[in-house]
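Quick note: the sequence shown uses this note's numbering, first residue 29, plus one each step.
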Amino acid sequence: MRIEAETIEEYVQQLPEDRQQAIEKLRLTIKENLPPGFEETLSYGMIGYVIPHSIFPDGYHCKPEEPLPFLSIGSQKNFIGLYHMGIYAFPEVHDWFVAEYPKHVKTKLDMGKSCIRLKKMETIPYELIAELCRKISVEEYIAHYEAELKK
Numbered sequence: 029m030r031i032e033a034e035t036i037e038e039y040v041q042q043l044p045e046d047r048q049q050a051i052e053k054l055r056l057t058i059k060e061n062l063p064p065g066f067e068e069t070l071s072y073g074m075i076g077y078v079i080p081h082s083i084f085p086d087g088y089h090c091k092p093e094e095p096l097p098f099l100s101i102g103s104q105k106n107f108i109g110l111y112h113m114g115i116y117a118f119p120e121v122h123d124w125f126v127a128e129y130p131k132h133v134k135t136k137l138d139m140g141k142s143c144i145r146l147k148k149m150e151t152i153p154y155e156l157i158a159e160l161c162r163k164i165s166v167e168e169y170i171a172h173y174e175a176e177l178k179k
């Protein structure tokens, strides 16, 4: 479900009402809990949280003109996707999240490598997502990212 928008506000306005409320609550949860340095932007057709060029001038290695992506939220056909690169990059964060999820939501976790599929708006685990957002600082993510590129 690709949404063409120039701004985050336009993106949100194009969503069904139940998705608007969930996305806005996710945005607030993310912005209040991400460590300093991350910046909210519209990227890859979703709402993204990136490390700006002012902090990491090299940008994303695949497209250096773009800032380094870290987390995105997007409305897909059958779910809201929460794409968290730290879950993919840090096995200990992945394992923690998988272990904690059942303590917050009764349904089975539907997850890919970095994508958490949130299918029911009424069961989004905002507190767990808040805790996930606090797990990795800008500095930790950059250090890990640069180490991986050197391999």
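Glycine included, C-beta positions come from ideal geometry on N, C-alpha and C.
Contact belief for residue i with residue j at Cβ below 8 Å, rounded distance in angstroms
i	j	result
S142	Y111	5 Å
I79	V121	Incorrect: roughly 17 Å between the Cβ atoms, too far for contact.
V166	G76	With 8 Å as the limit, V166 and G76 do not qualify as a contact, their Cβ atoms being about 14 Å apart.
L96	I58	That pair is no contact at about 16 Å.
L54	I157	7 Å
E68	I36	7 Å
S147	N106	In the sequence as presented, Ser is not what sits at residue 147; that position holds Lys. Correct: roughly 7 Å between the Cβ atoms.
CA nearest to the CA of residue i, picked from the options
i	options	result
V126	L137, Y116 and F118	L137
M74	R145, E150, M149 and G102	G102
L177	Q48, E60 and Y88	Y88
E159	L146, K147 and Y129	Y129
R47	W124, T135, E150 and F84	E150
G140	M113, V133, E93 and L43	M113
I170	P85, P44 and Q42	P85
Whole-angstrom distance between residue j and residue i, CA atom to CA atom
i	j	result
Q104	E32	13 Å
I51	K179	36 Å
E34	L70	8 Å
W124	I115	9 Å
R162	E60	9 Å
E38	R30	13 Å
Y72	E94	10 Å
F118	E45	34 Å
E155	P92	33 Å
Q185	Q49	What the structure shows of the chain is the stretch from 29 to 179, and residue 185 is not part of that stretch, so it cannot be assessed.
Range of the contiguous alpha helix (DSSP H) that encloses residue i
i	result
E155	Y154 to C161
Endpoints, the beta strand (DSSP E) within which residue i is located
i	result
L62	Counting along the chain, L62 falls outside any beta strand (DSSP E), and DSSP gives it neither H nor E.
V97	Here residue 97 is Pro; the residue named in the question, Val, does not match the sequence. Residues L96 to S103.
G75	According to the sequence displayed, residue 75 carries Ile and not Gly. Its beta strand (DSSP E) spans residues M74 to I79.
(message) If we require 4 or more residues per run, which alpha helix (DSSP H) segments fall completely within the stretch 81-141?
(response) Runs found: 113-117 and 119-132.
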